[in-house]
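Per the numbering used here, residue 47 is the first one in the sequence shown, and the count goes up by one each step. Each residue gets a CB set at the ideal place from its N, CA and C atoms; glycine is no exception. Step one of this worksheet: look at the structure below.
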Amino acid sequence: MPVENSGSTFTGNDTQPHSVFWMSQSNTVLTVDKESGALARAVLSDIEECASRFAAVGEEASISLRCLKAMPEEREILATLLGHGEVSAIVEAVDRSEIHETSIPCVWWVSHRNAEGETIRESIEITGVPDVIIGDRRAIPYGLETLRIAWPFRMHRLSTATANADKG
Numbered sequence: 047m048p049v050e051n052s053g054s055t056f057t058g059n060d061t062q063p064h065s066v067f068w069m070s071q072s073n074t075v076l077t078v079d080k081e082s083g084a085l086a087r088a089v090l091s092d093i094e095e096c097a098s099r100f101a102a103v104g105e106e107a108s109i110s111l112r113c114l115k116a117m118p119e120e121r122e123i124l125a126t127l128l129g130h131g132e133v134s135a136i137v138e139a140v141d142r143s144e145i146h147e148t149s150i151p152c153v154w155w156v157s158h159r160n161a162e163g164e165t166i167r168e169s170i171e172i173t174g175v176p177d178v179i180i181g182d183r184r185a186i187p188y189g190l191e192t193l194r195i196a197w198p199f200r201m202h203r204l205s206t207a208t209a210n211a212d213k214g
């Protein structure tokens, strides 16, 4: 299954942009290989190609897994082949993002879920750290202002909790 460069790049959170890749679409009818794991192996081949480029020249890539949405058995095969690495994270924002490094360093499985827990987007990110984990420096002033406003309330709660613990 050929990989195409979309020509677009992500620049989220002031990080270095990286290419976005997806499986090419054509006017032909999609045929499914009867051999279990064929699509998973094709995606794995794309991952290998992109990871090799990242190792050689630092070119980041994102591979959409939307082709696996209707094929849960292929998704499971790919997940089993990639395994889990040492790092994982959950980001609670508007949506919930679950990120884990695969057994291949710098190859990340990223899932975004809506409020109902349905997967809305899933991809393999080949990068040092996925953009969704990188903090946004532009948000620091807002965070510091929130801390300044909340400081008296938090200190009061802390002193009340400490006083109650001393009584008990």
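Comparing C-alpha distances from Gly131 to each of Arg159, Ser98, Trp155 shows the shortest one belongs to Trp155.
Considering only Leu85, Val89, Arg203, Phe100, the residue with the shortest C-alpha distance to Pro151 is Phe100.
Looking at the DSSP output, Glu144 bridges to Ile136, Ser157. In the displayed model, Thr208 falls within a helix according to three-state DSSP. Assigned with DSSP and collapsed to three states, Ile170 falls in strand. In this structure Ala86 does not touch Ile136 by the C-beta definition: roughly 25 angstroms separates them, more than the 8 angstroms allowed.
Taking the Cβ atoms as the reference, Cys113 lies roughly 17 angstroms from Ile172, outside the contact range of under 8 angstroms.
In the displayed model, Ala107 falls within a strand according to three-state DSSP. With contacts defined as CB atoms closer than 9 angstroms, Ser143 and Arg159 qualify as a contacting pair.
Close CB contacts of Val178 within its chain, under the 6 angstroms cut and outside five residues either way in sequence, are with Val137, Ser143 (chain order).
In chain order, Leu85 place their CB closer than 7 angstroms to the CB of Met117, counting only its own chain and leaving out the 5 sequence neighbours on each side. The Cβ atoms of Ile166 and Asp141 sit closer than 9 angstroms to each other. Residues Ile145, Trp154, Val156 of the same chain have their beta carbon placed closer than 7 angstroms to that of Pro176, with the five preceding and five following residues left out of the count. Apart from sequence neighbours up to five positions away, the residues of its chain that approach Ser134 with a beta-carbon distance below 8 angstroms are Glu144, Ile145, His146, Glu147, ordered along the chain.
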